[in-house]
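Novice: Pasting in a structure now, in structure tokens, and then I'll have a few things to ask.
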Ligand SMILES: Nc1ncnc2c1ncn2[C@@H]1O[C@H](COP(=O)(O)OP(=O)(O)O)[C@@H](O)[C@H]1O
Ligand SMILES: [Mg+2]
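Residue numbers (this note's numbering), protein chains in the order written: chain A, 1 to 225; chain B, 226 to 623.
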């Protein structure tokens with residue numbers, strides 16, 4: 001198992017007046033090379049679960065092993081180091097920095113790794129070609145089309161060759177055509193050996209044939225129907 | 226992956242540069258305010274340093290003791306005969322008579338200082354030649370010849386001609402020929418000065434024979450100035466005895482007061498600058514918060530984000546220092562510190578075209594840096610700590 005959660009709970013602001021119990025007793029395993037959808041209404045805990053899988057914070061209790069590492073035992077700094085080697089994130093609305101160029105956006109994860117500019121460009125070049133956005137490399141990201149933006153976001157999640165791709169409601173602000181294109185690209189990545197977890201309540205996502213398993217979450221628990 | 230630390234720092238520096246460029250209007254405005262503060266501080270420092278240097282230089286030429294006769298609290302002519310009464314005081318090297326006066330030029334609305342003295346009689350008289358840019362000091366028998374300061378040269382157009390005339394009290398004209406001009410290095414004292422022989426000054430002011438305005442007393446041993454001054458006072462009651470240390474002290478008080486006043490103004494500027502820097506840096510805009518959380522999710526450590534802020538501040542303050550210091554140097558050397566003229570040269574009616582030789586002490590540079598760069602770094606990097614607490618998960622969808 002590349003992702004292995006057992007009895008995972010997450011409580012925000014524990015012990016304070018604004019305490020929120022976001023996840024309770026989550027058991028989840030994801031095989032390498034599979035594609036899973038986390039489904040559930042808004043506020044059910046999908047983003048929180050992605051954050052734990054994505055090594056942004058450890059669970060409050062329970063065990064989470066991501067790519068062979070136990071999160072609970074890692075201090076913050078090592079979570080970051082582990083995250084950048086392991087996880088590629090695709091955000092809702094993509095979270096591209098609009099004033100940076102497409103090339104700069106894609107290579108952002110490589111800067112703290114000490115990858116020199118020439119090598120950064122070289123690595124980005126392959127992805128730019130693969131996603132047919134080479135001609136946009138020097139454009140400010142705020143000036144390209146929605147479809148191109150989506151491909152920039154995907155390229156950024158792949159730049160460090162991370163084995164796990166996490167996407168948080170990627171199609172929430174896309175039209176049908178772009179949503180389909182997104183799932184097609186995910187299918188290709190899966191075929192290339194990536195492990196993919198997508199949080200979404202969009203039927204275009206969870207009904208997609210490439211999705212092997214849909215996990216429904218309600219009120220922070222896995223819902224078995 | 227092996228840590229590639231140098232490359233990482235270079236990448237972060239690169240990112241800091243491009244962030245500054247992206248926010249170039251904001252960066253530029255901070256840079257300009259910062260450079261302006263450094264410009265003011267550095268100009269001010271250079272000017273006061275240059276003035277202090279000059280004053281002490283030129284004070285070296287003033288006599289150790291100056292005697293003036295007072296009547297009803299005002300200065301009046303002093304009889305030359307007083308010289309003989311000082312003959313008995315041990316330690317006096319020489320007593321040289323001098324006529325010192327002012328001349329108001331009604332055509333040009335400027336004040337000149339006239340000094341009539343047979344300078345060859347001064348013990349240091351020969352050294353005065355080194356204060357000249359060109360020509361020679363007139364001897365006692367050279368009638369109608371003068372040495373003038375730089376602003377006189379300018380006011381009376383003495384580059385093109387070398388004679389000019391001044392009015393006697395009876396409105397008859399007395400003509401002078403320029404035999405030399407003081408160098409710019411002695412501007413602070415010689416700027417508005419016209420030096421002539423004692424006889425010419427007597428003629429110009431119509432001072433009767435046997436009288437002068439003051440007597441310059443030169444002593445053999447500077448340590449005895451105080452003692453000798455006291456003895457003179459005893460022998461010549463009603464005569465004002467000015468010693469060089471007293472004059473020096475007066476200058477220092479004037480400089481001290483002026484630079485104190487200036488310092489307060491500069492401190493106010495500095496304080497407002499720090500407030501501005503703090504305000505700019507502490508107000509994390511939503512865009513900045515978003516950028517920080519995105520960078521964090523993408524694997525940037527908190528220290529990397531702080532390093533970006535740090536480099537941005539170092540670049541801004543480094544540039545501001547270079548721009549500010551260079552501008553200050555140009556201001557002081559090529560524009561004669563014209564911004565500070567009213568504050569620093571208030572005592573002269575003639576706006577002197579003062580030529581300053583700026584001196585920048587290393588200690589003072591460090592002091593300026595300590596007062597500007599350090600607060601700026603603190604004002605920008607410390608609030609960035611707060612930005613480091615922006616949680617990475619805020620970049621995820623709600
Ligand atoms: N940073 C946070 N601090 C406090 N509560 C939070 C935080 N993030 C999410 N929550 C709460 O946790 C619960 C689950 O939220 P989330 O994981 O974002 O759900 P989803 O992504 O399914 O909409 C919600 O009640 C939400 O208000
Ligand atoms: Mg969510």
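Ideal placement from N, C-alpha and C gives every residue a C-beta, glycine not left out.
Is residue 84 of chain A closer than 8 Å to residue 113 of chain A when the C-beta atoms are compared?
Specialist: The residue you call residue 113 of chain A lines up with position 113 of the first chain. The residue you call residue 84 of chain A lines up with position 84 of the first chain. A contact, by the Cβ cut-off of 8 Å.
Novice: Provide the residue(s) that pair with residue 389 of chain B in DSSP beta bridges, ordered along the chain.
Specialist: Within the second chain, residue 389 of chain B is the residue found at index 164, counting from 1. In the DSSP output, where bridge partners are listed per residue, residue 389 of chain B has B/401.
Novice: Please tell me whether residue 84 of chain A has its Cβ less than 8 Å away from any Cβ of chain B.
Specialist: As a working mapping, residue 84 of chain A is identified with position 84 in the first chain. Yes - at least one Cβ of chain B is within 8 Å of the one on residue 84 of chain A.
Novice: Is the beta carbon of residue 170 of chain A less than 8 Å from the beta carbon of residue 133 of chain A?
Specialist: Counting from one through the first chain, the residue named residue 170 of chain A turns up at place 170. Counting from one through the first chain, the residue named residue 133 of chain A turns up at place 133. Cβ atoms of residue 170 of chain A and residue 133 of chain A: not closer than 8 Å.
Novice: Distance check for residue 88 of chain A and residue 196 of chain A, CA to CA, integer angstroms please.
Specialist: As a position in the first chain, residue 196 of chain A is number 196, starting the count at 1. As a position in the first chain, residue 88 of chain A is number 88, starting the count at 1. Cα-Cα distance, rounded: 9 Å.
Novice: The alpha helix (DSSP H) spanning residue 186 of chain A covers which residue range?
Specialist: Counting from 1 along the first chain, the entry for residue 186 of chain A is found at position 186. 176-191 is the extent of the alpha helix (DSSP H) around residue 186 of chain A.
Novice: What separation, rounded to the nearest whole angstrom, lies between the Cα atoms of residue 216 of chain A and residue 223 of chain A?
Specialist: Here residue 216 of chain A refers to the residue found at position 216 when the first chain is read from its first residue. Here residue 223 of chain A refers to the residue found at position 223 when the first chain is read from its first residue. Each residue's Cα considered, the two are about 5 Å apart.
Novice: Is residue 536 of chain B close to chain A, meaning its C-beta is less than 8 Å from at least one C-beta of that chain?
Specialist: If you number the second chain from 1, residue 536 of chain B lands on position 311. Chain A contact via Cβ: absent.
Novice: Since I believe residue 164 of chain A is in contact with residue 90 of chain A (beta carbons under 8 Å), could you give me their beta-carbon distance rounded to a whole number of angstroms?
Specialist: Within the first chain, numbered from 1, the residue matching residue 90 of chain A stands at position 90. Within the first chain, numbered from 1, the residue matching residue 164 of chain A stands at position 164. Between residue 164 of chain A and residue 90 of chain A the Cβ distance is about 11 Å, and since that is not below 8 Å, they are no contact.
Novice: So, with DSSP's three-state summary, where would you put residue 224 of chain A?
Specialist: As a first step, residue 224 of chain A must be located in the first chain, where it is residue number 224. If DSSP states are grouped into helix, strand and coil, residue 224 of chain A belongs with coil.
Novice: Leaving out five residues on either side along the sequence, give the residues of the same chain with a beta carbon under 6 Å from the beta carbon of residue 36 of chain A.
Specialist: As a working mapping, residue 36 of chain A is identified with position 36 in the first chain. So the qualifying residues of the chain are 30, 197, 213.
Novice: Determine, using beta carbons only, whether residue 141 of chain A and residue 128 of chain A come nearer to each other than 8 Å.
Specialist: Residue numbering aside, residue 141 of chain A sits at position 141 when the first chain is read from its first letter. Residue numbering aside, residue 128 of chain A sits at position 128 when the first chain is read from its first letter. No, these two residues do not count as a Cβ contact at 8 Å.
Novice: Any heavy atom of ligand 1 closer than 7 Å to the Cβ of residue 551 of chain B?
Specialist: Mapped onto the second chain, residue 551 of chain B falls at position 326. Outside the cutoff, so no.
Novice: Measure the C-alpha to C-alpha separation of residue 173 of chain A and residue 205 of chain A and round it to an integer number of angstroms.
Specialist: The residue you call residue 173 of chain A lines up with position 173 of the first chain. The residue you call residue 205 of chain A lines up with position 205 of the first chain. Taking the straight line from one Cα to the other gives about 13 Å.
Novice: Under a three-way DSSP split, which group does residue 37 of chain A fall into?
Specialist: Within the first chain, numbered from 1, the residue matching residue 37 of chain A stands at position 37. In this structure, residue 37 of chain A counts as strand in the three-state DSSP scheme.
Novice: For the beta strand (DSSP E) holding residue 525 of chain B, just list the boundary residues, first then last.
Specialist: By one-based count along the second chain, residue 525 of chain B stands at place 300. Going by DSSP, residue 525 of chain B is part of no beta strand (DSSP E) at all; its letter is neither H nor E.
Novice: Please tell me whether residue 251 of chain A and residue 57 of chain A are closer than 8 Å, where the distance is taken between their beta carbons.
Specialist: No statement about residue 251 of chain A is possible, as the shown extent of chain A runs from 1 to 225 and does not include it.
Novice: With a threshold of 8 Å between beta carbons, is residue 236 of chain B in contact with chain A?
Specialist: In the second chain, counting from the first residue as 1, residue 236 of chain B sits at position 11. With 8 Å as the cut-off, residue 236 of chain B counts as an interface residue toward chain A.
Novice: Compile a chain-ordered list of the residues in the segment 23-57 of chain A whose CB is closer than 9 Å to at least one CB of chain B.
Specialist: Taking 9 Å as the cut-off between beta carbons, the residues of the segment 23-57 of chain A near chain B are 42, 43, 46, 47, 48, 50, 51, 54, 56, 57, in sequence order.
Novice: In this structure, what does DSSP give as the bridge partners for residue 301 of chain B?
Specialist: The residue given as residue 301 of chain B occupies position 76 in the second chain. B/294, per the DSSP bridge assignment.
Novice: With 8 Å as the limit, tell me which residues of the segment 511-525 of chain B have their beta carbon closer than that to any beta carbon of chain A; keep them in chain order.
Specialist: 515, 516, 519, 520, 521, 522, 523, 524, 525
Novice: What does DSSP give as the partner residue(s) for residue 5 of chain A in the beta ladder?
Specialist: Within the first chain, numbered from 1, the residue matching residue 5 of chain A stands at position 5. Answer is A/28, A/64.
Novice: Hey, is residue 199 of chain A close to ligand 2, as in C-beta under 7 Å from one of its heavy atoms?
Specialist: Residue mapping note: residue 199 of chain A aligns to position 199 of the first chain, counting from 1. Because some heavy atom of ligand 2 lies under 7 Å away, the Cβ of residue 199 of chain A counts as near it: yes.
Novice: Span of the alpha helix (DSSP H) holding residue 164 of chain A?
Specialist: As a working mapping, residue 164 of chain A is identified with position 164 in the first chain. That residue, residue 164 of chain A, is in no alpha helix (DSSP H); its beta strand (DSSP E) goes 164-168.
Novice: Using DSSP with H/G/I as helix, E/B as strand and the rest coil, what is residue 159 of chain A?
Specialist: In the first chain, the residue the question calls residue 159 of chain A occupies position 159. Here residue 159 of chain A sits in coil by DSSP.
Novice: Under 8 Å: do the segment 394-407 of chain B and the segment 363-382 of chain B share three or more Cβ pairs, one atom per stretch?
Specialist: yes
Novice: For residue 571 of chain B and residue 277 of chain B, what's the separation of their Cα atoms in angstroms?
Specialist: Here residue 571 of chain B is taken as the residue at index 346 of the second chain, counted from 1. Here residue 277 of chain B is taken as the residue at index 52 of the second chain, counted from 1. Bear in mind that the predicted position of residue 571 of chain B carries a pLDDT of just 46, short of 50, making it unreliable; the figure below should be weighed with that in mind. Between residue 571 of chain B and residue 277 of chain B, the C-alpha separation is close to 15 Å.
Novice: Across which residues does DSSP place residue 359 of chain B in a beta bridge pair?
Specialist: As a working note, residue 359 of chain B is residue 134 in the second chain. Answer is B/406, bridged to residue 359 of chain B.
Novice: Nearest by alpha-carbon distance to residue 105 of chain A: which of B/527, B/494, B/240, B/345 is it?
Specialist: Here residue 105 of chain A refers to the residue found at position 105 when the first chain is read from its first residue. The shortest Cα separation from residue 105 of chain A among B/527, B/494, B/240, B/345 belongs to B/240.
Novice: Spell out whether any CB of chain B is found under 8 Å from the CB atom of residue 139 of chain A.
Specialist: The residue you call residue 139 of chain A lines up with position 139 of the first chain. Between residue 139 of chain A and chain B, the shortest Cβ-Cβ separation is not below 8 Å.
Novice: Could you check if residue 168 of chain A belongs to the surroundings of ligand 3, using beta carbon to heavy atom distance under 7 Å?
Specialist: Inclusion of ligand 3 in the displayed structure is not the case, the ligand content consisting of ligand 1 and ligand 2 alone.
Novice: Along the chain, where does the beta strand (DSSP E) that runs through residue 322 of chain B open and close?
Specialist: Numbered from 1 along the second chain, position 97 holds the residue referred to as residue 322 of chain B. Boundaries of the beta strand (DSSP E) around residue 322 of chain B: 317-330.
Novice: Quick one, what's near ligand 1 if you take every residue whose CB is closer than 5 Å to any heavy atom, in chain order?
Specialist: A/12, A/20, A/22, A/42, A/43, A/44, A/45, A/46, A/47, A/48
Novice: Return the residues of the segment 552-568 of chain B that lie within a Cβ-Cβ distance of less than 8 Å from chain A, sorted by chain order.
Specialist: Listed by position along the chain: nothing, the set is empty.
Novice: Please say whether residue 311 of chain B and residue 469 of chain B have beta carbons closer to each other than 8 Å?
Specialist: Against the second chain, residue 469 of chain B aligns to sequence position 244. Against the second chain, residue 311 of chain B aligns to sequence position 86. Result no, Cβ atoms of residue 469 of chain B and residue 311 of chain B do not sit closer than 8 Å.
Novice: Nearest by alpha-carbon distance to residue 77 of chain A: which of B/529, B/561, B/564, B/595 is it?
Specialist: Here residue 77 of chain A corresponds to residue number 77 of the first chain, with the count starting at 1. Nearest option by C-alpha distance: B/529.
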